[in-house]
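Asks: Quick note: to get the working numbering, add 1031 to the position in the sequence shown (first position is 1). The structure that follows is given in the form of structure tokens.
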Amino acid sequence: MGLIYVNPQGPNGVPDPKASGRDIRETFGRMAMNDYETVALVAGGHTFGKMHGAGVDALIDGFADKFVGPDPEGAPIWQMGLGWKSSFGTGFGDDTITSGHEGAWTPTPTTWDMSYLETLFTWEWETFTTPAGALDWRPTDPAAADLVPDAHDPSKRHAPVMTTADLALRFDPIYEPIA
1032 MGLIYVNPQG PNGVPDPKAS GRDIRETFGR MAMNDYETVA LVAGGHTFGK MHGAGVDALI
1092 DGFADKFVGP DPEGAPIWQM GLGWKSSFGT GFGDDTITSG HEGAWTPTPT TWDMSYLETL
1152 FTWEWETFTT PAGALDWRPT DPAAADLVPD AHDPSKRHAP VMTTADLALR FDPIYEPIA
């Protein structure tokens, strides 16, 4: 799992984008970042890649916890900074079990472009629960269902996925005009 500074599901796991905006502002403010820098960092970081970690097959079996190694801070020195080591299947790709959040933010997850903000502001969003039990957001419009290429299987496509913290950039009254 990558860096997570606030609860991606919202404060105390409550999917409230405006409250998440306040948490983000406080957290990034402690790192001496202003609102413009925060939006730039989040939007830039979420332009590439995806969230990793539903590990559906391990979750269906109910054994995900037994496959996840120690927290990165408690791991052996050679493994620190690499996230949680997983012994489920290959430990990567579809066998990843980390955050429980799964999916790409944009239709172009390997391209540096404006698609993160375009996706965030184009669609209306609804909450859903991932196979791992995490709370995420997806577009309400069925037209978005196949916008995102699968990271591992070129024959599959998905809807974009956002967290409550992502939606804070759209619904927080200070972040929204910056984004």
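Ideal Cβ placement from N, Cα and C applies to all residues, glycine included.
Going by the DSSP bridge assignment, what does threonine 1158 pair with across the sheet?
Replies: Here residue 1158 is taken as the residue at index 127 of the sequence shown, counted from 1. Within the DSSP secondary-structure output, threonine 1158 pairs in a beta bridge with Trp1168.
Asks: Comparing C-alpha positions only, which one of Phe1202, Ala1135, Asp1177 sits nearest to glutamate 1155?
Replies: Start at 1 with the first residue of the sequence shown, and residue 1155 comes out as number 124. Glutamate 1155 has its Cα closest to that of Phe1202, out of Phe1202, Ala1135, Asp1177.
Asks: So what does DSSP say about alanine 1163, is it helix, strand or coil?
Replies: Position 132 of the sequence shown holds residue 1163. If DSSP states are grouped into helix, strand and coil, alanine 1163 belongs with coil.
Asks: What are the partner residues of alanine 1135, as DSSP defines its beta bridges?
Replies: Numbered from its first residue, the sequence shown carries residue 1135 at position 104. Bridge partners of alanine 1135: Lys1081.
Asks: Which residues does DSSP list as the beta-bridge partners of methionine 1193?
Replies: Mapped onto the sequence shown, residue 1193 falls at position 162. Per DSSP, Trp1168.
Asks: Once you ignore the five residues that flank proline 1191 on each side, which residues in its own chain have a CB closer than 8 Å to its CB?
Replies: The sequence position of residue 1191 within the sequence shown is 160, counting from 1. The beta carbon of proline 1191 is closer than 8 Å to those of Gly1134, Ala1135, Trp1136, Thr1137, Pro1138, Thr1150, Trp1154, Arg1169, Pro1170, Ala1175, Leu1178, Val1179 in its chain, skipping five residues each way along the sequence.
Asks: Drop a sphere of 10 angstroms on the beta-carbon of isoleucine 1055, count the other beta-carbons inside from all chains shown, and report buried for 16 or more, exposed for fewer.
Replies: Against the sequence shown, residue 1055 aligns to sequence position 24. Isoleucine 1055 comes out buried.
Asks: Return the CA-CA distance between aspartate 1126 and phenylalanine 1119, expressed in angstroms with no decimal places.
Replies: Sequence index remark: in the sequence shown, residue 1126 carries index 95 (1-based). Sequence index remark: in the sequence shown, residue 1119 carries index 88 (1-based). Spanning the two alpha carbons is a distance of roughly 6 Å.
Asks: Alpha carbon to alpha carbon, how far is proline 1048 from leucine 1198? Give it in angstroms, no decimals.
Replies: Mapped onto the sequence shown, residue 1198 falls at position 167. Mapped onto the sequence shown, residue 1048 falls at position 17. Each residue's Cα considered, the two are about 5 Å apart.
Asks: Look up serine 1117 in the DSSP assignment and say whether it is helix, strand or coil.
Replies: Within the sequence shown, residue 1117 is the residue found at index 86, counting from 1. Serine 1117: strand per DSSP, three-state reduction.
Asks: Express the C-alpha separation of aspartate 1167 and threonine 1161 in angstroms, rounding to a whole number.
Replies: Against the sequence shown, residue 1161 aligns to sequence position 130. Against the sequence shown, residue 1167 aligns to sequence position 136. Approximately 7 Å between the Cα atoms of the pair.
Asks: Buried or exposed for lysine 1081, going by 16 or more other Cβ atoms inside 10 Å?
Replies: Residue 1081 sits at position 50 when you count from the first residue of the sequence shown. Looking at its Cβ environment, which holds 16 or more other Cβ atoms inside 10 Å, lysine 1081 is buried.
Asks: Closest to threonine 1195 by C-alpha separation, out of Met1145, His1132, Ser1186, Ala1163, would be which residue?
Replies: Start at 1 with the first residue of the sequence shown, and residue 1195 comes out as number 164. Checked all of Met1145, His1132, Ser1186, Ala1163; the closest Cα to threonine 1195 is His1132.
Asks: If you compare alpha carbons, which of Tyr1147, Pro1185, Asp1181, Pro1204 is closest to alanine 1071?
Replies: As a first step, residue 1071 is located in the sequence shown; it is residue number 40 there, counting from the start. The residue with the shortest Cα to Cα distance from alanine 1071 is Tyr1147.
Asks: Of all the options Asn1065, Phe1123, Ala1182, which has the alpha carbon lying nearest to the alpha carbon of glycine 1140?
Replies: Taking the sequence shown and counting its residues from 1, one reaches residue 1140 at position 109. The amino acid occupying residue 1140 in the given sequence is proline; glycine does not appear at that position. Of Asn1065, Phe1123, Ala1182, the residue nearest in Cα terms is Ala1182.
Asks: Based on Cα-Cα distance, which residue from Pro1185, Lys1187, Thr1121, Leu1200 lies nearest to aspartate 1152?
Replies: As a first step, residue 1152 must be located in the sequence shown, where it is residue number 121. The question names aspartate, but residue 1152 in the sequence shown is phenylalanine. The residue with the shortest Cα to Cα distance from phenylalanine 1152 is Leu1200.
Asks: Spatial neighbours of tyrosine 1206 within its chain, please: CB distance less than 7 Å, with the 5 preceding and 5 following residues excluded, ordered by chain position.
Replies: Within the sequence shown, the letter at position 175 stands for residue 1206. Excluding residues within five positions, the ones whose Cβ falls inside 7 Å are Gly1052, Asp1066, Val1070, Ala1199, Leu1200.
Asks: So the alpha helix (DSSP H) serine 1051 belongs to, where does it begin and stop?
Replies: As a position in the sequence shown, residue 1051 is number 20, starting the count at 1. Run containing serine 1051: 1048-1060, per the alpha helix (DSSP H) assignment.
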